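**Q**
Protein chains in written order, with the working numbering: chain A, 131 to 615; chain B, 24 to 512.
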């Protein structure tokens with residue numbers, strides 16, 4: 131399902147590369163001991179280092195290094211045991227040192243891969259170019275005073291991972307899938323909470339177009355700091371169309387940095403190429419090259435969780451789930467864990483079905499996470515047991531589930547409280563069958579004349595007569611017997 | 024009381040412990056000397072009340088038998104070291120009224136050892152200069168004057184010119200300096216005192232206003248080699264707050280004094296004797312070689328082939344780092360701010376008003392050499408040459424234990440000379456810069472006088488972490504030279 135932009139002169143494809151800025155989960159900042167927590171009052175989490183005071187020096191936070199390596203391993207990427215921090219020089223009021231400590235030509239993580247799970251169930255591998263560690267800047271607030279700007283340095287110095295993809299993405303849909311998958315992997319690893327709304331994951335998109343079949347890359351534009359998956363997809367769609375329109379009207383695209391206006395649904399120039407910064411990168415002389423050994427990497431590798439791709443493959447092979455069901459279940463680590471408790475020793479497809487449809491419908495409606503689910507995995511499993519041993523019927527199960535959601539009580543307790551036990555007394559069901567057959571002689575004749583489908587109708591009637599407590603299979607058996615006689 | 028200012032640190036230390044005089048008396052004597060010699064302009068900020076307070080505390084510790092290694096010793100702190108609650112300017116207008124809420128690691132160690140800070144010493148703006156004429160707070164005068172002829176005021180060298188003048192003139196017993204390309208050694212030579220730049224990484228740079236991070240090193244400036252050894256031991260040691268600070272153990276430098284140089288091989292680099300070398304400097308160097316030979320050392324001819332590239336290399340690396348290090352002086356958070364119509368306008372106005380000409384020149388050079396399209400030709404190439412210069416020394420130290428050279432190509436010159444020719448000024452550092460680029464330790468010892476009666480220094484270099492050998496050689500030179508140190512003024 132390739133994404134093609136139709137134009138007057140022919141068909142165009144879009145080429146997209148993404149830079150994801152992921153805030154590292156760590157207690158302290160990348161080079162200072164100040165807290166990296168979100169939500170404190172302005173300038174409450176600022177050390178002398180973060181404020182760029184004279185004579186202050188950075189010292190690397192090892193926890194952030196671990197997190198970067200962990201993320202690199204999660205992206206199946208090359209880990210560089212020697213990397214170098216470099217200064218990226220530019221002036222801005224919320225950049226206290228006058229430079230950002232980043233990594234330039236020697237990043238901590240090299241090439242890796244991220245697998246997209248697309249809506250049609252197919253997958254596609256996207257190349258990761260690199261991952262490097264860098265400091266975040268502070269925040270400038272321009273709307274609190276007529277002529278002054280206010281600066282909050284709480285974020286200044288917080289560790290970010292910049293994860294750069296290769297220009298492998300070809301549609302807004304793939305962009306969305308990439309960001310969702312990246313978020314999922316980062317959350318599995320516990321290296322970033324992936325929250326785009328709070329800004330702990332941000333994205334820049336590099337977009338260009340070319341005629342279908344062309345292999346060379348055309349001039350790209352960078353769309354900065356888009357703060358939701360949906361907006362990135364919209365921005366890419368808009369930008370690709372803009373490029374096609376410019377080319378087709380004989381114009382040319384200038385390499386520039388653009389902003390996406392989500393209100394107007396369009397991108398516009400932020401900084402032209404002429405105004406682009408010369409960052410004058412050079413190795414930071416305040417820091418030694420970052421070096422570690424294989425043992426360090428292996429100690430981190432040992433603690434890696436099973437990641438979404440592996441888990442998906444296992445769910446498909448071990449439980450026989452569809453790719454779609456598996457995708458839904460592995461998108462969040464907690465979902466998969468919940469499912470596996472429910473599925474243990476039970477019909478896994480049925481378990482997946484209950485989690486993916488019934489449970490998620492309830493959670494979505496109530497705006498709850500799976501950790502906050504009113505129905506525990508053990509209890510949902512118990513419900514499946516009650517279906518399996520014919521204690522309750524499928525219809526009763528739905529009723530029971532609703533009661534479990536509302537009350538939070540155990541399945542077994544609710545079954546007796548609500549009198550939901552399925553009739554296992556054959557004579558009682560037989561009586562009901564006799565009653566139904568006696569009251570509907572016309573239908574009995576139809577059945578005997580060969581209209582087999584009437585049987586289903588009879589089963590329904592018996593179920594109705596027994597308030598749904600009869601086992602449908604038992605009903606069916608008894609009906610067949612009586613009708614045959 | 025004047026005579027109290029004539030003691031060396033070692034002498035005063037012992038006499039304080041014997042309670043021959045109090046730390047407060049010692050401090051008062053130096054405060055009086057500072058008052059008498061205000062004309063040197065050696066201090067940017069004086070802290071007499073703080074000094075008296077600390078001296079009294081020293082006397083209490085001495086009485087309690089808890090004296091530190093520098094208990095009660097009056098020192099000057101170069102105004103590049105941040106000092107808690109005391110204005111720190113780097114001799115720049117742009118740090119107007121900046122008063123840190125923290126104390127640099129080195130000055131903290133000196134405080135913890137019981138020393139008494141008398142004030143903050145003048146320097147070249149941001150330590151950029153070789154004559155202390157770029158200070159926003161005005162030039163410093165060298166206590167030495169040429170015999171006969173003019174009575175011109177001479178420069179004290181730089182950038183640690185306030186420190187060198189004050190130590191030489193007995194305003195303080197010792198002072199901290201910082202050395203990026205010679206800023207301790209050259210002023211020491213110009214004022215007839217001892218200046219030591221230890222191995223890069225010996226002293227923490229935390230809290231020292233940065234000039235060129237890969238070169239900056241703190242060190243002591245004193246009137247004797249022993250005093251430098253005492254002071255350096257207190258100043259150095261690993262600091263977790265500085266990633267370039269070394270974990271190497273700190274030896275007792277004073278303990279090696281008296282061991283002499285017998286059996287040591289002293290390298291004499293031919294590249295340090297260019298055509299046109301000042302004849303008096305040349306002669307003193309030969310004298311120094313003779314003294315070491317007489318003391319039992321073996322003289323070895325060595326070559327440091329990349330020496331001629333050291334100065335150009337230094338003037339790429341140091342400004343490059345400086346251009347980035349000085350970006351933080353932007354008027355946003357501290358120091359000078361000149362309001363502007365926009366953020367960029369505020370930056371431009373603030374930095375135009377706040378930085379002096381030499382600082383601006385180096386920021387421009389540094390920005391240029393790091394710019395896209397020039398980086399490889401300048402900065403990257405300079406880094407490669409720097410590695411070759413370091414290798415020169417590594418190779419040389421296979422053949423010798425220490426290297427002897429002149430410290431500076433001339434004696435002190437008059438304030439006003441060489442002022443309009445930056446390159447002539449840069450040449451002052453031609454003998455000191457190579458060791459800075461290599462990170463090895465170097466010291467200047469006062470070794471003789473010119474015909475005009477002005478001090479000349481000899482420089483001793485050793486391999487990294489071997490300050491002990493350096494001190495042994497320095498002390499032998501000191502003993503042989505019998506340098507006529509200035510008396511208390």
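Beta carbons: idealized from backbone N, C-alpha and C, even for Gly.
Everything numeric in this text was worked out from a predicted model, so none of it was measured.
Distance, Cα to Cα, residue 532 (chain A) vs residue 450 (chain A)?
**A** As a first step, residue 532 (chain A) is located in the first chain; it is residue number 402 there, counting from the start. As a first step, residue 450 (chain A) is located in the first chain; it is residue number 320 there, counting from the start. Computed Cα separation, rounded: 27 Å.
**Q** Rounded to whole angstroms, what's the CA-CA distance from residue 377 (chain A) to residue 408 (chain A)? Just pull it up for me.
**A** One-based indexing of the first chain puts residue 377 (chain A) at position 247. One-based indexing of the first chain puts residue 408 (chain A) at position 278. Near 29 Å, if we compare the C-alpha coordinates of residue 408 (chain A) and residue 377 (chain A).
**Q** What do you get for residue 329 (chain B), buried or exposed, if any count of 16 or more other CB atoms within 10 angstroms of its CB means buried?
**A** Residue mapping note: residue 329 (chain B) aligns to position 306 of the second chain, counting from 1. By the neighbour-count rule (16 or more Cβ atoms within 10 Å), residue 329 (chain B) is buried.
**Q** Does the beta carbon of residue 423 (chain A) come closer than 8 Å to any beta carbon on chain B?
**A** In the first chain, counting from the first residue as 1, residue 423 (chain A) sits at position 293. Chain B, which has no Cβ nearer than 8 Å to the Cβ of residue 423 (chain A), makes this no.
**Q** In the structure shown, what three-state DSSP assignment does residue 25 (chain B) receive?
**A** Here residue 25 (chain B) is taken as the residue at index 2 of the second chain, counted from 1. Residue confidence for residue 25 (chain B) is low, a pLDDT of 48 falling below 50, so the modelled location carries little weight and cannot support an answer.
**Q** Need the endpoints of the beta strand (DSSP E) that residue 142 (chain A) sits in, please.
**A** Residue mapping note: residue 142 (chain A) aligns to position 12 of the first chain, counting from 1. Its beta strand (DSSP E) spans residues 141 to 153.
**Q** Hey, does residue 125 (chain B) have any beta-carbon neighbour from chain A nearer than 8 Å?
**A** As a first step, residue 125 (chain B) must be located in the second chain, where it is residue number 102. With 8 Å as the cut-off, residue 125 (chain B) counts as an interface residue toward chain A.
**Q** Exposed or buried, residue 597 (chain A), counting other C-beta atoms within 10 Å across all chains shown (16 or more means buried)?
**A** Looking up residue 597 (chain A) in the first chain gives position 467. Exposed.
**Q** Let me check understanding here. Comparing Cα to Cα, which of B:172, B:170, B:167, B:155 lies closest to residue 553 (chain B)?
**A** This structure does not reach residue 553 (chain B), given that chain B is present from 24 up to 512, and the question cannot be answered.
**Q** Distance cutoff 8 Å, beta carbons only. Does residue 198 (chain B) sit that close to anything in chain A?
**A** Working through the second chain from its first residue, we reach residue 198 (chain B) at position 175. Residue 198 (chain B) does not count as touching chain A.
**Q** Going along chain B, which residues have a C-beta under 7 Å from residue 223 (chain A)?
**A** The sequence position of residue 223 (chain A) within the first chain is 93, counting from 1. Neighbours of residue 223 (chain A) on chain B, chain order: 355, 366.
**Q** Going straight from the alpha carbon of residue 266 (chain A) to that of residue 292 (chain A), what length do you get?
**A** If you number the first chain from 1, residue 266 (chain A) lands on position 136. If you number the first chain from 1, residue 292 (chain A) lands on position 162. About 10 Å.
**Q** In or out: residue 111 (chain B) buried (at least 16 other Cβ within 10 Å) or exposed?
**A** For the purposes of this step, residue 111 (chain B) is taken as residue 88 along the second chain, with counting starting at 1. It counts as buried.
**Q** How far does the alpha helix (DSSP H) with residue 512 (chain A) in it extend, from its first residue to its last?
**A** Walking along the first chain from the start, residue 512 (chain A) turns up at place 382. From DSSP, the alpha helix (DSSP H) with residue 512 (chain A) extends over 507 to 518.
**Q** Under 7 Å between beta-carbons, which chain A residues line up against residue 393 (chain B)? List them in chain order, please.
**A** Indexing the second chain from 1 puts residue 393 (chain B) at position 370. Chain A residues near residue 393 (chain B): 410, 412.
**Q** Could you give the distance in angstroms between the alpha-carbon of residue 24 (chain B) and the alpha-carbon of residue 97 (chain B)?
**A** As a working mapping, residue 24 (chain B) is identified with position 1 in the second chain. As a working mapping, residue 97 (chain B) is identified with position 74 in the second chain. Note that residue 24 (chain B) scores a pLDDT of 43, beneath 50, so its modelled location is shaky and nothing firm can be said.
**Q** Report yes if the CB atom of residue 204 (chain B) is closer than 8 Å to the CB atom of residue 245 (chain B), and no otherwise.
**A** Counting from one through the second chain, the residue named residue 204 (chain B) turns up at place 181. Counting from one through the second chain, the residue named residue 245 (chain B) turns up at place 222. No, the pair does not count as a contact, with Cβ atoms beyond the cut-off.
**Q** Of all the alpha helix (DSSP H) runs that stay within the bounds of the region 32 to 110 of chain B, which reach a length of 4 or more residues?
**A** Segments of the alpha helix (DSSP H) lying fully in the region 32 to 110 of chain B: 32 to 40, 46 to 59, 71 to 86.
**Q** Taking 8 Å as the CB-CB limit, is residue 504 (chain A) close to chain B?
**A** For the purposes of this step, residue 504 (chain A) is identified with residue 374 of the first chain, where counting begins at 1. Answer no: the Cβ-Cβ gap between residue 504 (chain A) and chain B never drops below 8 Å.
**Q** Could you give the first and the last residue of the continuous alpha helix (DSSP H) run that contains residue 213 (chain B)?
**A** Here residue 213 (chain B) refers to the residue found at position 190 of the second chain. It spans 208 to 214 - the alpha helix (DSSP H) in which residue 213 (chain B) sits, taken as one unbroken run.
**Q** Measuring alpha carbon to alpha carbon, tell me which of A:593, A:140, A:144 ends up nearest residue 349 (chain A).
**A** One-based indexing of the first chain puts residue 349 (chain A) at position 219. Among A:593, A:140, A:144, the Cα nearest to that of residue 349 (chain A) belongs to A:144.
**Q** Exposed or buried, residue 202 (chain A), counting other C-beta atoms within 10 Å across all chains shown (16 or more means buried)?
**A** In the first chain, counting from the first residue as 1, residue 202 (chain A) sits at position 72. Classification of residue 202 (chain A): buried, given that the 10 Å Cβ count is 16 or more.
**Q** Contact check, residue 46 (chain B) vs residue 94 (chain B) under 8 Å by CB: the rounded distance?
**A** What you label residue 46 (chain B) is simply residue 23 of the second chain in a count that begins at 1. What you label residue 94 (chain B) is simply residue 71 of the second chain in a count that begins at 1. That pair is a contact at about 7 Å.
**Q** Using beta carbons (cut-off 8 Å, strictly below), is residue 236 (chain B) in contact with chain A?
**A** Along the second chain, one-based indexing puts residue 236 (chain B) at 213. So yes, residue 236 (chain B) belongs to the interface.
**Q** Does the region 188 to 203 of chain A come within contact of the region 253 to 272 of chain B, defined as at least 3 CB pairs closer than 8 Å?
**A** Segments in contact, yes.
**Q** Quick one, which of A:440, A:338, A:215 has its alpha-carbon nearest residue 314 (chain A)'s?
**A** Reading the first chain from its first residue, position 184 is the one you call residue 314 (chain A). It is A:440 whose Cα lies nearest to the Cα of residue 314 (chain A).
**Q** Compare the C-alpha of residue 478 (chain A) against each of A:497, A:446, A:294 and name the closest.
**A** As a first step, residue 478 (chain A) is located in the first chain; it is residue number 348 there, counting from the start. Closest by alpha carbon: A:446.
**Q** Can you name, in chain order, every residue of its own chain whose Cβ lies under 7 Å from the Cβ of residue 326 (chain B), other than the five neighbours on each side?
**A** The residue given as residue 326 (chain B) occupies position 303 in the second chain. Excluding residues within five positions, the ones whose Cβ falls inside 7 Å are 292, 293, 294.
**Q** Which residue marks the beginning of the beta strand (DSSP E) containing residue 141 (chain B), and which one marks its end?
**A** Walking along the second chain from the start, residue 141 (chain B) turns up at place 118. Counting along the chain, the beta strand (DSSP E) containing residue 141 (chain B) begins and ends at 139 to 144.
**Q** Within the region 283 to 363 of chain B, note down every full beta strand (DSSP E) run reaching 3 residues or more, in order along the chain.
**A** For the region 283 to 363 of chain B, whole beta strand (DSSP E) runs of length 3 or above, ordered along the chain, are 288 to 292, 321 to 325.
**Q** Could you check whether residue 435 (chain B) and residue 522 (chain B) sit closer than 8 Å to each other, using their CB atoms as the reference points?
**A** With chain B covering only 24 through 512, there is no way to say anything about residue 522 (chain B).
**Q** Please classify residue 262 (chain A): does DSSP put it in a helix, a strand, or coil?
**A** The residue you call residue 262 (chain A) lines up with position 132 of the first chain. Strand, per DSSP.
**Q** Whole angstroms are fine: how far does the CA of residue 600 (chain A) sit from the CA of residue 546 (chain A)?
**A** In the first chain, residue 546 (chain A) corresponds to position 416, counting from 1. In the first chain, residue 600 (chain A) corresponds to position 470, counting from 1. C-alpha separation (whole angstroms): 16 Å.
**Q** Once the 5 residues before and after residue 348 (chain B) are set aside, which same chain residues still bring their CB inside 8 Å of it?
**A** Taking the first residue of the second chain as position 1, residue 348 (chain B) is located at position 325. Only 233, 234, 235, 236 meet the Cβ criterion.
**Q** What is the C-beta distance between residue 238 (chain A) and residue 210 (chain A), in whole angstroms, given that I count them as a contact (C-beta under 8 Å)?
**A** The residue you call residue 238 (chain A) lines up with position 108 of the first chain. The residue you call residue 210 (chain A) lines up with position 80 of the first chain. The Cβ separation is near 6 Å, so the contact holds.
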